[in-house]
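What follows is a set of notes on a single structure, which appears directly below.
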Amino acid sequence: MGIRKRRLGEILLDAGKVAPDGVDSGLDYAGKHELRIGEALAKLGLVQPGDVVEALAEQTGMKTLARIPIDSVDLALYRDLPIGFAKGHKVMLLWPTDDGAVAAAIADPFLTAPLDDLRVLLEARIVPFIAPPDAITEAINRVYDRLARSAGQVIEEMDEHAGESTGIEEIEDIVDSDDEAPIIRFVNSLLTEALKERVSDIHFEPFERTLAVRFRIDGILYNKVEVPKRLQAAISSRVKVMAQLDIAERRLPQDGRIRIKVAGRDVDIRVSTVPVAHGERIVLRLQDRSTGLLGLDQIGMARPVQKLWGDMIVRPHGILLVTGPTGSGKTTTLYASLTTINRPDINILTVEDPIEYQMKGIGQMAVNPKINLTFASGLRAYLRQDPDVILVGEIRDKETAEIAIQASLTGHLVLSTLHTNDAATAVNRLVDMGVEPFLVASSLTGIMAQRLVRRLCPACKEAYRPHGGELQELGIDPDTVPGQIFRPHTGGCELCLNTGYKGRTGIYELLTVTEGVRAMVVRNLSSTVIRDQAVKDGMVTLRHDGIRKVMLGETSLEEVMRITSDDDVGLMEDAQIA
84 MGIRKRRLGE ILLDAGKVAP DGVDSGLDYA GKHELRIGEA LAKLGLVQPG
134 DVVEALAEQT GMKTLARIPI DSVDLALYRD LPIGFAKGHK VMLLWPTDDG
184 AVAAAIADPF LTAPLDDLRV LLEARIVPFI APPDAITEAI NRVYDRLARS
234 AGQVIEEMDE HAGESTGIEE IEDIVDSDDE APIIRFVNSL LTEALKERVS
284 DIHFEPFERT LAVRFRIDGI LYNKVEVPKR LQAAISSRVK VMAQLDIAER
334 RLPQDGRIRI KVAGRDVDIR VSTVPVAHGE RIVLRLQDRS TGLLGLDQIG
384 MARPVQKLWG DMIVRPHGIL LVTGPTGSGK TTTLYASLTT INRPDINILT
434 VEDPIEYQMK GIGQMAVNPK INLTFASGLR AYLRQDPDVI LVGEIRDKET
484 AEIAIQASLT GHLVLSTLHT NDAATAVNRL VDMGVEPFLV ASSLTGIMAQ
534 RLVRRLCPAC KEAYRPHGGE LQELGIDPDT VPGQIFRPHT GGCELCLNTG
584 YKGRTGIYEL LTVTEGVRAM VVRNLSSTVI RDQAVKDGMV TLRHDGIRKV
634 MLGETSLEEV MRITSDDDVG LMEDAQIA
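Residue 84 is where the sequence shown starts when you use the numbering used here, and the numbers rise one by one after that.
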């Protein structure tokens with residue numbers, strides 16, 4: 084290949100892509116993590132992946148691909164190529180060349196063994212192109228997604244082969260599975276499409292004549308496919324087998340868990356079955372473990388709120404509550420908080436129902452009511468484990484609340500959640516549970532209320548000038564609105580699955596327990612009075628924070644009105660970008 088003598092760091096340095104101390108940092112990082120210098124520099128954010136590709140091309144004399152044209156890839160080349168090989172070696176077959184060779188995209192031009200294997204497999208010469216590793220991985224996933232048959236296609240096949248066995252064997256990577264049982268292929272295809280379409284929940288809903296399947300994407304349910312009624316029992320049995328549930332029990336609710344791989348991505352699935360009028364209703368909650376945990380700077384907090392919350396979570400004692408309805412991102416906020424403060428000199432313990440994420444360096448306990456392991460008993464046991472910080476999944480009763488308060492008063496930081504609509508109502512909820520107001524006042528440090536709003540699709544969102552009625556409904560002064568804001572494009576685009584929205588972000592309301600608020604809590608005043616005092620003390624309401632995101636072009640007025648209540652109207656006259 085005529086590899087030149089110049090080192091990659093020198094090439095990047097001469098091109099002005101990295102500073103001398105950056106090369107030193109990259110070499111140090113590469114040595115510690117057994118990486119090549121280019122990959123290390125890219126991981127550290129010191130150079131762009133494209134710069135590394137260009138430097139490798141100059142070093143080796145190979146050609147490059149800035150992006151991989153998926154539509155031009157010859158799918159026939161993948162007939163005998165396992166996805167594990169392609170992703171493990173970051174190598175991707177592209178198309179046959181005019182002279183009988185096969186073009187391939189590679190991330191590491193010095194890794195020659197995979198190219199030799201491909202040459203033997205295809206009985207053809209391999210012409211390599213250098214491409215960014217992330218681009219290769221994304222392209223591999225898209226190619227194997229195209230190879231996988233859709234749920235609708237499998238339903239058509241099941242109509243022709245209704246009598247075939249459902250099978251019960253376990254599967255490792257469902258994209259790689261060659262099992263031909265139609266029911267298994269149907270469930271596998273649903274899971275593959277769900278991961279591709281950013282689905283958080285899959286609903287199997289039995290009706291008199293059909294089984295409806297719906298996907299929840301960014302908090303909204305969409306119809307996916309309708310399955311003939313005669314296949315309902317087989318699909319239910321297949322899901323139960325995967326979740327290791329009792330397939331013979333159809334009269335009682337059951338809960339289970341599935342661990343699978345989809346296109347190389349580890350996925351955790353929580354399974355819930357409930358008997359209803361026309362069979363069993365099944366809901367699968369999907370959690371893509373490969374996405375990792377988010378930090379406080381990645382979940383949508385405004386900088387002032389993030390700083391204030393960040394100061395609260397490093398305090399040695401007190402109670403911090405995160406409130407909101409189910410599915411509002413409370414657990415994500417708590418895990419982001421633990422990730423921020425997690426270090427070897429702090430003992431962090433959690434008691435959860437269930438454990439959502441495995442976190443290195445943190446002791447995590449799952450509640451089990453069957454053996455009387457509740458939040459209260461788990462929390463009581465943890466107090467004998469010399470904790471610094473304790474996370475309680477949820478405060479549901481007086482006993483848990485009182486133990487949490489006692490823990491905070493004896494020198495522990497306690498984080499937990501409550502199901503209330505706003506921050507101020509959490510105070511009254513604790514008192515309603517039977518906790519004395521003076522104990523609530525002396526232990527509470529802060530309360531964070533939150534919601535999730537859908538992000539506008541960056542590819543197709545459209546600008547417009549809102550009319551006065553919209554602004555008046557939200558209590559916004561028109562003079563504070565920039566010349567234009569954004570709304571979803573009607574019909575969306577391919578990137579956002581034709582919804583106009585792609586992904587979600589949080590809106591937050593942080594109530595700091597100031598002396599003024601503390602005095603009102605001791606007197607057991609209403610949540611409205613406490614809320615008004617918190618606003619005077621500088622609290623930004625949920626709707627106010629939502630409007631901030633509208634002004635920044637992240638979401639729409641319609642979405643903020645859908646998610647937030649009318650309680651904020653009248654508090655928004657000074658709504659501006661924070």
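Don't be surprised by glycine CBs; every beta carbon is placed ideally from N, CA and C.
Residue i versus residue j - alpha carbon distance
i      : j      : result
Gly121 : Ser491 : 48 Å
Ala102 : Leu95  : 9 Å
Leu196 : Asp394 : Here residue 196 is Ala; the residue named in the question, Leu, does not match the sequence. So the alpha carbons of these two residues sit roughly 51 Å apart.
Gln441 : Gln567 : 43 Å
Glu519 : His400 : 19 Å
Val270 : Val322 : 8 Å
Ala207 : Pro152 : 22 Å
Asp104 : Gly375 : 30 Å
Val174 : Glu137 : 17 Å
Ser411 : Ala149 : 38 Å
Leu462 : Thr483 : 8 Å
Met325 : Met603 : 52 Å
Arg334 : Leu294 : 18 Å
Thr147 : Val130 : 17 Å
Arg281 : Phe298 : 9 Å
Asp371 : Arg587 : 15 Å
Arg313 : Ser283 : 27 Å
Asp111 : Arg119 : 11 Å
Asp199 : Pro211 : 11 Å
Ile486 : Asp469 : 15 Å
Thr615 : Val596 : The amino acid occupying residue 615 in the given sequence is Asp; Thr does not appear at that position. Going by the C-alpha atoms only, they are around 13 Å apart.
Glu641 : Asp560 : 17 Å
Lys453 : Ser320 : 25 Å
Alpha helix (DSSP H) segment containing residue i, residue limits
i      : result
Gly171 : 166-172
His286 : Note, His286: premise wrong, no alpha helix (DSSP H); beta strand (DSSP E) at 282-289.
Pro387 : 386-395
Phe458 : 458-465
Met603 : 598-605
Arg202 : 196-205
Gly629 : 625-634
Leu492 : 481-492
Arg512 : 508-515
Residue of the options minimising C-alpha distance to residue i
i      : options                        : result
Leu274 : Asp301, Lys312, Asp351         : Asp351
Thr180 : Ser411, Val174, Ile209         : Ile209
Gln489 : Ser525, Ala169, Met516         : Ser525
Glu288 : Gln131, Val310, Gln327         : Val310
Asp428 : Val357, Val472, Ile285         : Val472
Met145 : Ala188, Val397, Met644, Gln381 : Ala188
Gly378 : Thr416, Val354, Arg398         : Thr416
Val497 : Ser639, Leu403, Val106, Val643 : Leu403
Phe569 : Leu177, Asp107, Ile266, Pro549 : Pro549
Glu637 : Leu578, Ser609, Ile559, Arg537 : Arg537
Gly589 : Lys100, Val643, Gly599, Ala617 : Val643
Leu608 : Thr528, Leu176, Val475, Val523 : Val523
Ala98  : Leu466, Ser499, Gly133         : Gly133
Limits of the unbroken beta strand (DSSP E) element including residue i
i      : result
Ala277 : Note, Ala277: premise wrong, no beta strand (DSSP E); alpha helix (DSSP H) at 265-279.
Pro520 : Run containing Pro520: none in the beta strand (DSSP E); it sits in the alpha helix (DSSP H), 520-526.
Thr595 : 584-595
Asn306 : 303-311
Lys344 : 337-345
Asp357 : The amino acid occupying residue 357 in the given sequence is Val; Asp does not appear at that position. First-last of the beta strand (DSSP E) with Val357: 348-359.
Asp371 : 362-371
Val405 : 401-406
Strand pairing of residue i, partner residues [DSSP]
i      : result
Phe212 : Lys146, Ala188
Met448 : Val434
Pro179 : Val185
Ser639 : DSSP output for Ser639 lists no bridge partner at all.
Phe569 : Ala546
Met644 : According to DSSP, which records beta bridges pairwise, Met644 is partnered with nothing at all.
Arg538 : According to DSSP, Arg538 bridges with nothing at all.
Gln533 : Tyr591
Val472 : Ile431, Leu496
Thr293 : Pro311
heavy atom of the ligand ZN below 8 Å from residue i C-beta
i      : result
Ser491 : Here there are no bound small molecules, and the ligand ZN is not part of this structure.
Contact the stretch 360-373 vs the stretch 429-437: 3+ CB pairs below 8 Å: With the cut-off at 8 Å, the stretch 360-373 and the stretch 429-437 do not touch.
Determine, using beta-carbon pairs with one atom in the stretch 539-546 and one in the stretch 623-632, whether at least three such pairs fall under 8 Å. Contact between the stretch 539-546 and the stretch 623-632 is not established, with fewer than three Cβ pairs separated by less than 8 Å.
How about the stretch 614-622 and the stretch 496-513: do they share at least three Cβ pairs that are nearer than 8 Å? At 8 Å Cβ cutoff, the stretches touch.
Does the pairing of the stretch 448-457 with the stretch 526-533 give three or more beta-carbon distances under 8 Å? No: fewer than three Cβ pairs fall under 8 Å.
Taking 8 Å as the cut-off, does the stretch 293-307 touch the stretch 569-588 (at least 3 CB pairs, one atom from each stretch)? Short answer: they touch.
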